[in-house]
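Residue numbers (UniProt numbering): 1 to 284.
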Amino acid sequence: MPAFCEQTDLLVSGTEGYHTYRIPSIVSTPHGTVMMFCEGRKEAGSDTGDIDLLCKRSTDGGNTWSETRMVWDDCENTCGNPCSVVDEITGTIWLLMTHNLGIDKESQIIDCKSQGTRTVWITSSMDDGLTWQEPVEITESVKEENWTWYATGPGAGIQLASGRLVIPCDHIEAMSKRYFSHVIHSDDHGESWKLGGTTPDDDVNECEAVELENGVLLLNMRNYDLDQKTRAVGVSYDGGDSWSHVKHDPTLIEPTCQASIRRATRDGDYILFSNPASQVEREN
């Protein structure tokens, strides 16, 4: 680990009543509070079953953290895929999430053999993460009828210079079962959400977006083309309403896994990228 980094274990599998913790999402607020969201998987490490959405907050830059707090618990159902974004203008923390019946497996949802389907929800906090609103479903505004599986994030969304809030997502088509990345966005500070552009090419899903210095939006995506084993990228010149054809970045190798990309401006202007940089397995 680089000398400038320190590791802190915020949650450890097998503690606090959860088998596994996965899918972290971290953002900071205008007041300096750092928020961490994740899934708490009750019985096993799989992506389905009894999964709660949890959070922790830090007011000292991540040196110390609050106790674990519940954001959403729907009995034995799956509440997951947290993807957070902060509106720097209003200070509101928005948290996008997905939900499905705990008895439904991902493969059943994809095959249209599940009892329910995958739905999209949102909650928010206006007091720096101390309290959270009741989750509200927004599926009709952001999911096409022929989509089965749907995921917000993983990771975090961004706010563009225009003020638009952008959340990276992915989905699977019902008949073709092809994987695509897309974004959803809000132009009214989170009051309403709309479906943005979908990548014209498939074999991509989990993604994150970053706004470049020239205003172009870059989407960095998990790639399922096993002949490439590199990150897939697309660009948008209209704030995420449409996307270019997918290309591959040979400098960013991957084992087919989620990654993170951020723009950092405090001590300069950098694009930071992090992933398990291996074409063989998920290794640090």
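Where is the CB? At the ideal position from N, CA and C, for every residue including glycine.
Limits of the unbroken alpha helix (DSSP H) element including residue i
i: THR33; result: Segment: none, THR33 is in no alpha helix (DSSP H) and carries neither H nor E.
i: VAL142; result: 139 to 142
Beta carbon of residue i nearer than 9 Å to that of residue j
i: LEU212; j: ARG263; result: yes
i: MET126; j: ILE158; result: no
i: VAL71; j: THR123; result: yes
i: THR163; j: VAL183; result: It is Gly, not Thr, that sits at residue 163 in the sequence shown. Contact flag unset, no.
i: THR152; j: ILE172; result: no
i: THR98; j: TRP121; result: yes
i: SER84; j: LEU95; result: yes
i: THR198; j: SER176; result: no
i: ILE26; j: ALA156; result: yes
i: LEU165; j: LEU217; result: no
i: ILE23; j: PRO82; result: yes
i: SER278; j: PRO255; result: yes
Delimiting residues of the beta strand (DSSP E) encompassing residue i
i: ILE109; result: That residue, ILE109, is in no beta strand (DSSP E); its alpha helix (DSSP H) goes 106 to 110.
i: TYR18; result: No beta strand (DSSP E) contains TYR18, which DSSP labels as neither H nor E.
i: PRO250; result: 247 to 253
i: GLU134; result: Counting along the chain, GLU134 falls outside any beta strand (DSSP E), and DSSP gives it neither H nor E.
i: GLU76; result: Here GLU76 belongs to no beta strand (DSSP E), and DSSP marks it neither H nor E.
i: TRP147; result: 147 to 152
i: CYS5; result: CYS5 -> no beta strand (DSSP E), and no H or E assigned at all.
i: CYS257; result: First-last for CYS257: undefined, no H or E at that position.
i: SER58; result: 51 to 58
i: LEU195; result: 194 to 198
Nearest residue (CA-CA) to residue i, options the options
i: ARG231; options: ARG222, TYR237 and ASP238; result: ARG222
i: GLU76; options: THR90, HIS189, GLY190 and ILE51; result: ILE51
i: SER66; options: GLY215, SER244, ASP170 and ASP9; result: ASP9
i: THR15; options: GLN7, ALA44, MET35 and VAL34; result: ALA44
i: residue 290; options: ASN63, TYR21 and LEU11; result: Since the first and last residues shown for the chain are 1 and 284, residue 290 lies out of range.
i: ARG178; options: VAL233, ALA277, SER236 and ILE110; result: ILE110
i: ASP202; options: VAL210, GLY215 and TYR224; result: TYR224
Inter-residue CB distance, residue i and residue j (contact presumed, cutoff 8 Å)
i: HIS189; j: THR90; result: 5 Å
i: CYS55; j: GLY129; result: 7 Å
Any non-hydrogen atom of the ligand MG within 8 Å of residue i CB
i: ARG118; result: In the structure shown, the ligand MG is absent, as is every other ligand, since no ligand is present at all.
Quiz item: Can you find at least 3 beta carbon pairs, one from the region 249 to 257 and one from the region 136 to 151, that sit closer than 8 Å?
Solution: No, they do not touch.
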